[in-house]
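A.B. asks: Chains A and B are the protein sequences, given in the same order. Its first residue numbered 1, the first sequence is counted upward by one per residue in full-length UniProt numbering. Its first residue numbered 1, the second sequence is counted upward by one per residue in full-length UniProt numbering. Beta carbons: idealized from backbone N, C-alpha and C, even for Gly. The structure is given below, and queries will be raised subsequently.
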Amino acid sequence: MSAPNASGWKPGIPTAGDTPAGPATATGNRALMLEEPLIFELAGNDTTGVDMPEPDNAAPNRLGGRERSAPIGLPGLSEPETVRHYTRLSRQNYAIDLGLFPLGSCTMKHNPRLNEKVARMPGFLDCHPLTPTQSAQGALEVIHQLGEWLKTLTGMPAVAMSPKAGAHGELCGILAIRAALEARGDARKVILCPESAHGTNPATAAFAGYEVEDIPANANGRVDLAALEARLGPDVAGVMITNPNTCGLFEPDFRKIADAVHAAGGFVYCDGANFNAIVGRVRPGDLGVDAMHINLHKTFSTPHGGGGPGSGPVVFSEALAPYAPLPFVEQLGDGSFHLVEEETAGEHHAKSFGRMTAFNGQMGMFTRALTYILSHGADGLRQVAEDAVLNANYVLRSLEDVLHAPFAHSGPCMHEALFGDKNFTGGLSTLDLAKGLIDEGYHPMTMYFPLVVHGAMLVEPTETESKAALDQFIMALRSVAERANAGDPTLKTAPHFAPRRRLDETQAARKPLLAWSDPALV
Amino acid sequence: MARYFTEDHEWIDVDGDTATVGITDYAQGQLGDIVFVELPDAGAKVAKGKDAAVVESVKAASDVYAPITGEVTEGNPALEDDPALVNSDPEDGGWFFKLTIADTGELDGLMDEAAYKSFCDGL
Numbered sequence: 001m002s003a004p005n006a007s008g009w010k011p012g013i014p015t016a017g018d019t020p021a022g023p024a025t026a027t028g029n030r031a032l033m034l035e036e037p038l039i040f041e042l043a044g045n046d047t048t049g050v051d052m053p054e055p056d057n058a059a060p061n062r063l064g065g066r067e068r069s070a071p072i073g074l075p076g077l078s079e080p081e082t083v084r085h086y087t088r089l090s091r092q093n094y095a096i097d098l099g100l101f102p103l104g105s106c107t108m109k110h111n112p113r114l115n116e117k118v119a120r121m122p123g124f125l126d127c128h129p130l131t132p133t134q135s136a137q138g139a140l141e142v143i144h145q146l147g148e149w150l151k152t153l154t155g156m157p158a159v160a161m162s163p164k165a166g167a168h169g170e171l172c173g174i175l176a177i178r179a180a181l182e183a184r185g186d187a188r189k190v191i192l193c194p195e196s197a198h199g200t201n202p203a204t205a206a207f208a209g210y211e212v213e214d215i216p217a218n219a220n221g222r223v224d225l226a227a228l229e230a231r232l233g234p235d236v237a238g239v240m241i242t243n244p245n246t247c248g249l250f251e252p253d254f255r256k257i258a259d260a261v262h263a264a265g266g267f268v269y270c271d272g273a274n275f276n277a278i279v280g281r282v283r284p285g286d287l288g289v290d291a292m293h294i295n296l297h298k299t300f301s302t303p304h305g306g307g308g309p310g311s312g313p314v315v316f317s318e319a320l321a322p323y324a325p326l327p328f329v330e331q332l333g334d335g336s337f338h339l340v341e342e343e344t345a346g347e348h349h350a351k352s353f354g355r356m357t358a359f360n361g362q363m364g365m366f367t368r369a370l371t372y373i374l375s376h377g378a379d380g381l382r383q384v385a386e387d388a389v390l391n392a393n394y395v396l397r398s399l400e401d402v403l404h405a406p407f408a409h410s411g412p413c414m415h416e417a418l419f420g421d422k423n424f425t426g427g428l429s430t431l432d433l434a435k436g437l438i439d440e441g442y443h444p445m446t447m448y449f450p451l452v453v454h455g456a457m458l459v460e461p462t463e464t465e466s467k468a469a470l471d472q473f474i475m476a477l478r479s480v481a482e483r484a485n486a487g488d489p490t491l492k493t494a495p496h497f498a499p500r501r502r503l504d505e506t507q508a509a510r511k512p513l514l515a516w517s518d519p520a521l522v
Numbered sequence: 001m002a003r004y005f006t007e008d009h010e011w012i013d014v015d016g017d018t019a020t021v022g023i024t025d026y027a028q029g030q031l032g033d034i035v036f037v038e039l040p041d042a043g044a045k046v047a048k049g050k051d052a053a054v055v056e057s058v059k060a061a062s063d064v065y066a067p068i069t070g071e072v073t074e075g076n077p078a079l080e081d082d083p084a085l086v087n088s089d090p091e092d093g094g095w096f097f098k099l100t101i102a103d104t105g106e107l108d109g110l111m112d113e114a115a116y117k118s119f120c121d122g123l
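Quick look at the structure:
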């Protein structure tokens, strides 16, 4: 292995074509921009942050000769050294708490601090999943009440709260569809996925044992209804459609699609990852959806990405409700809450396809999501969707004169604006623009997705950005886009001002170094 | 030996009832730097127009479809260690797999080099 940071670049070292960056510093730091080594390079293993008692030699050794005879190579750091290391690294990171995070499809909205306060209440935080139900009534009520909200908001009669993220929710929905088909002795083998579906959809269908077939998008970026109808038949188990889709567009033919699929004996899975664009405005149950996951971490503002786990409850139609997974929270006649598990499923959940998680789901996300819902109220949730759509259209219309906007002609977008690389010159690509945006102090947008648009750039501003914040972002993106259109060669070498210059992503993927090894020993 | 092309940017060299399949120079250019290739095992049955291999670039993972129905006889062992071969030599050394053709009649409807070139020019 070569030495870490083999290029030797430090923040203060200018490269060809850069503005002179002032005198070099002895440390390599540039004021508050700190050059931080890897934790393994920071210290040997002769220090430690904890005092361990000497082993009691009188105690019998039961390790049978397997005791370690040499250090295991963990970095030895004191507590302040450890705290400083990670705090210094965190300063080189970008986060929603630092600025607008336009990552399309990811819904990087502000995480209200009230959510955090409630999630940290000891009664929720310290509730062990094996707490007897009579001592966990409050936690069960949170799960139940959140489930009721999700059923009401989607117009669907049943909900499974346990799936742990979006793709886990997709699998939950597809397994319910498979169970329903198996129950009627129907061996359908094909799931149809439009090109505008989330990439996880075909992966989920394949994982559940189905053959996946693509349905093309039409010139307006929507599902080609005629192509879908032509493909339906007795071998099609169902469709998986993302609505609004990954082009940031609403599928106006969804009801017709659902009716056609049902008439052909199949089921309709809706990927609800983009529910934040329609919550309070559209009930997926009215569109003929049989199963849909809801990303609590997107629509209902629970931290995600590096900041927390996901949560993907699934709502079901009457047809699929009997096959939903265990466990369930049920409210009994006396108002108390009860957990329906294998031992207690009884006859009314006997068709359940089984269990997806050991326990009841992401409790910390439930408390945050319910706090978000209750603090917004029904009218507030509706405004969330309206403002998310308004903000995305503001971005779309502010930039369509400089960036190619392939579907702008078809009307308003939903919660995200989609651009392509058609106007760039000088061999510049979407990647180059994204790196230029880093120099402007923004995390780049989603790139090269969806695949239906060449050099796609998917921008989701979310509703939590003010007009001033949007204007600043639009100004920055416009500036970089104009440079890309003009073929500015300095974009090819961007970022110029980040803690690291352009990384070799190809080499990182082809020959990843996944473990540190001591250069002195190699 | 004759070479045909699909609208999904695969090429197929046909020699009697055996064939070699890869992706075109246009396809590798669109994908960007290839970082991983997943090939079918020898003996795998592939069907015309269905998934046969996976190619992953720094931008995206894409399916490679079988241009014709048949039984795979060999995957290109060189791609395992050096997927970049698909970028540097897509239409020769960067071939994906060889197969035994089930029905040469399925070649009807594939494009020849001139037709494929004008197809790409229209994209």
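#1: Mind listing, in chain order, the continuous beta strand (DSSP E) runs of no fewer than 3 residues lying wholly within the UniProt domain "Aminotransferase class V" (196-305) of chain A?
#2: Specify, as a first and last residue, the run of the beta strand (DSSP E) that residue 11 (chain B) falls within.
#3: Can you grab the Cα-Cα spacing for the pair residue 6 (chain A) / residue 502 (chain A), in whole Å?
#4: Is the beta carbon of residue 198 (chain A) sitting closer than 9 Å to the one on residue 242 (chain A)?
#5: I'd like to confirm the pairing. Which residues does DSSP put opposite residue 119 (chain B) in its beta bridges?
#6: To the nearest whole angstrom, what separates the beta carbons of residue 465 (chain A) and residue 384 (chain A), a pair I think is in contact under 8 Å?
#7: What does DSSP give as the partner residue(s) for residue 152 (chain B) in the beta ladder?
#8: Check the C-beta distance from residue 23 (chain B) over to residue 96 (chain B) and give it rounded, since I have them as a contact under 8 Å.
#9: With a threshold of 8 Å, are at least 3 pairs of Cβ atoms found where one atom belongs to the segment 82-89 of chain B and the other to the segment 28-39 of chain B?
#10: Which residues, in order along the segment 188-210 of chain A, keep a beta-carbon less than 7 Å from a beta-carbon of chain B?
#11: Going along chain A, which residues have a C-beta under 7 Å from residue 35 (chain B)?
#12: Could you check if residue 121 (chain B) is buried or exposed, using at least 16 other CB atoms within 10 Å of its CB as the buried criterion?
#13: Please tell me whether residue 59 (chain B) has its Cβ less than 9 Å away from any Cβ of chain A.
#14: Nearest CA to the CA of residue 254 (chain A): which residue from A:285, A:273, A:235, A:265?
#15: Roughly how many angstroms lie between the CA atoms of residue 211 (chain A) and residue 131 (chain A), to the nearest whole one?
#16: Per the DSSP calculation, residue 193 (chain A) is bridged to which residue(s)?
#17: Taking only beta-carbon positions, decide if residue 83 (chain B) is within less than 9 Å of chain A.
#18: Am I right that residue 299 (chain A) and residue 316 (chain A) are in contact with their C-beta atoms under 8 Å? What's the rounded C-beta distance?
#19: For residue 46 (chain B), which residues does DSSP report across the bridge?
#20: How would you list, in chain order, the residues of chain B whose beta-carbon sits under 7 Å from the beta-carbon of residue 228 (chain A)?
#21: From the DSSP output, in three-state form, read off residue 342 (chain A) for me.
#22: Let me see if you follow: with CB-CB separation under 9 Å, is residue 62 (chain B) close to chain A or not?
#23: Does the distance from the C-beta atom of residue 361 (chain A) to that of residue 174 (chain A) stay below 9 Å?
#24: Identify the contact partners of residue 451 (chain A) in chain B, using a Cβ-Cβ distance below 7 Å as the criterion.
#25: Taking the alpha-carbon of residue 260 (chain A) as reference, which of A:234, A:151, A:442, A:506 has the nearest alpha-carbon?
#26: Kindly indicate if chain A contains any beta-carbon less than 9 Å away from that of residue 56 (chain B).
#27: Does residue 457 (chain A) have its Cβ less than 9 Å from a Cβ in chain B?
#28: Quick check on the DSSP output: what are the complete beta strand (DSSP E) runs of length 3 or more inside the segment 347-410 of chain A, in order along the chain?
#29: Given residue 112 (chain A), which residues of its chain have a CB within under 8 Å of its CB, disregarding the five upstream and five downstream residues?
#30: How would you list, in chain order, the residues of chain B whose beta-carbon sits under 7 Å from the beta-carbon of residue 448 (chain A)?
#31: Across which residues does DSSP place residue 34 (chain A) in a beta bridge pair?
#32: So, for residue 62 (chain B): in the same chain, excluding its five sequence neighbours on each side, which residues have a beta-carbon less than 8 Å away from its beta-carbon?
#33: With which residues is residue 414 (chain A) paired in a DSSP beta bridge?
#34: Are residue 168 (chain A) and residue 312 (chain A) closer than 9 Å when you measure CB to CB?
#35: Output the distance between the C-alpha atoms of residue 480 (chain A) and residue 95 (chain A), rounded to the nearest integer angstrom.
C.D. replies: On the basis of the data shown:
#1: 211-215, 236-242, 267-272, 291-294
#2: Taking the second sequence and counting its residues from 1, one reaches residue 11 (chain B) at position 11. Note, residue 11 (chain B): beta strand (DSSP E), 10-15.
#3: In the first sequence, the residue the question calls residue 6 (chain A) occupies position 6. In the first sequence, the residue the question calls residue 502 (chain A) occupies position 502. Low local confidence applies: a pLDDT of 48 at residue 6 (chain A) is under 50, so the model's placement there is unreliable, with the coordinate-based value given in what follows. Approximately 14 Å between the Cα atoms of the pair.
#4: The residue you call residue 198 (chain A) lines up with position 198 of the first sequence. The residue you call residue 242 (chain A) lines up with position 242 of the first sequence. Cβ atoms of residue 198 (chain A) and residue 242 (chain A): closer than 9 Å.
#5: The count along the second sequence starts at 1 and reaches residue 119 (chain B) at position 119. Answer by DSSP bridge pairing: none, since residue 119 (chain B) is not bridged.
#6: By one-based count along the first sequence, residue 465 (chain A) stands at place 465. By one-based count along the first sequence, residue 384 (chain A) stands at place 384. Actually they do not touch by this definition, with Cβ atoms about 13 Å apart.
#7: There is no way to answer for residue 152 (chain B), as the model of chain B reaches only from 1 to 123.
#8: Within the second sequence, numbered from 1, the residue matching residue 23 (chain B) stands at position 23. Within the second sequence, numbered from 1, the residue matching residue 96 (chain B) stands at position 96. Indeed they touch by this definition, with Cβ atoms about 7 Å apart.
#9: Taking a cut-off of 8 Å on C-beta distances, the segment 82-89 of chain B touches the segment 28-39 of chain B, as three or more cross pairs fall below it.
#10: So the list is empty, because no residue satisfies the distance condition.
#11: One-based indexing of the second sequence puts residue 35 (chain B) at position 35. Near residue 35 (chain B) (Cβ distances below 7 Å), the residues of chain A are 506, 509, 510.
#12: Within the second sequence, numbered from 1, the residue matching residue 121 (chain B) stands at position 121. Exposed, since its Cβ has fewer than 16 Cβ neighbours within 10 Å.
#13: On the second sequence, residue 59 (chain B) is found 59 positions in, with the first residue counted as 1. So, interface residue.
#14: The residue given as residue 254 (chain A) occupies position 254 in the first sequence. Of the residues A:285, A:273, A:235, A:265, the one whose Cα lies closest to the Cα of residue 254 (chain A) is A:285.
#15: Against the first sequence, residue 211 (chain A) aligns to sequence position 211. Against the first sequence, residue 131 (chain A) aligns to sequence position 131. Those two C-alpha atoms are separated by around 42 Å.
#16: Residue numbering aside, residue 193 (chain A) sits at position 193 when the first sequence is read from its first letter. Per DSSP, A:214.
#17: Here residue 83 (chain B) is taken as the residue at index 83 of the second sequence, counted from 1. Yes, residue 83 (chain B) lies at the interface with chain A (some Cβ there is under 9 Å from its Cβ).
#18: Translated into positions along the first sequence, residue 299 (chain A) becomes position 299. Translated into positions along the first sequence, residue 316 (chain A) becomes position 316. No, residue 299 (chain A) and residue 316 (chain A) are not in contact; Cβ-Cβ is about 18 Å, not under 8 Å.
#19: Looking up residue 46 (chain B) in the second sequence gives position 46. DSSP output for residue 46 (chain B) lists B:70 as bridge partner(s).
#20: Here residue 228 (chain A) refers to the residue found at position 228 when the first sequence is read from its first residue. Residues of chain B passing the Cβ test: none, with the nearest at roughly 17 Å.
#21: Along the first sequence, one-based indexing puts residue 342 (chain A) at 342. Residue 342 (chain A): helix per DSSP, three-state reduction.
#22: Against the second sequence, residue 62 (chain B) aligns to sequence position 62. Closer than 9 Å to the CB of residue 62 (chain B) there is at least one CB belonging to chain A.
#23: As a working mapping, residue 361 (chain A) is identified with position 361 in the first sequence. As a working mapping, residue 174 (chain A) is identified with position 174 in the first sequence. Contact: no.
#24: In the first sequence, the residue the question calls residue 451 (chain A) occupies position 451. Chain B residues near residue 451 (chain A): 60.
#25: Indexing the first sequence from 1 puts residue 260 (chain A) at position 260. Taking only the C-alpha atoms, the option nearest residue 260 (chain A) is A:234.
#26: Here residue 56 (chain B) refers to the residue found at position 56 of the second sequence. True, the Cβ-Cβ gap to chain A drops below 9 Å.
#27: Your numbering for residue 457 (chain A) matches position 457 in the first sequence. No, residue 457 (chain A) lies away from the interface with chain B (no Cβ there is under 9 Å from its Cβ).
#28: none
#29: What you label residue 112 (chain A) is simply residue 112 of the first sequence in a count that begins at 1. So the list reads 301, 371, 372, 375, once near-sequence residues are dropped.
#30: As a working note, residue 448 (chain A) is residue 448 in the first sequence. What residue 448 (chain A) touches in chain B: 59, 60.
#31: Position 34 of the first sequence, counting from 1, holds the residue named residue 34 (chain A). BP columns for residue 34 (chain A) are empty, so no partner.
#32: Along the second sequence, one-based indexing puts residue 62 (chain B) at 62. 31, 54, 55, 56, listed in sequence order.
#33: Taking the first sequence and counting its residues from 1, the one referred to as residue 414 (chain A) is at position 414. DSSP, once it has assigned bridges, lists no residue as partnering residue 414 (chain A).
#34: Reading the first sequence from its first residue, position 168 is the one you call residue 168 (chain A). Reading the first sequence from its first residue, position 312 is the one you call residue 312 (chain A). It is a contact, given that the beta carbons lie within the stated cut-off.
#35: One-based indexing of the first sequence puts residue 480 (chain A) at position 480. One-based indexing of the first sequence puts residue 95 (chain A) at position 95. If I take the Cα positions, the gap works out to 21 Å.
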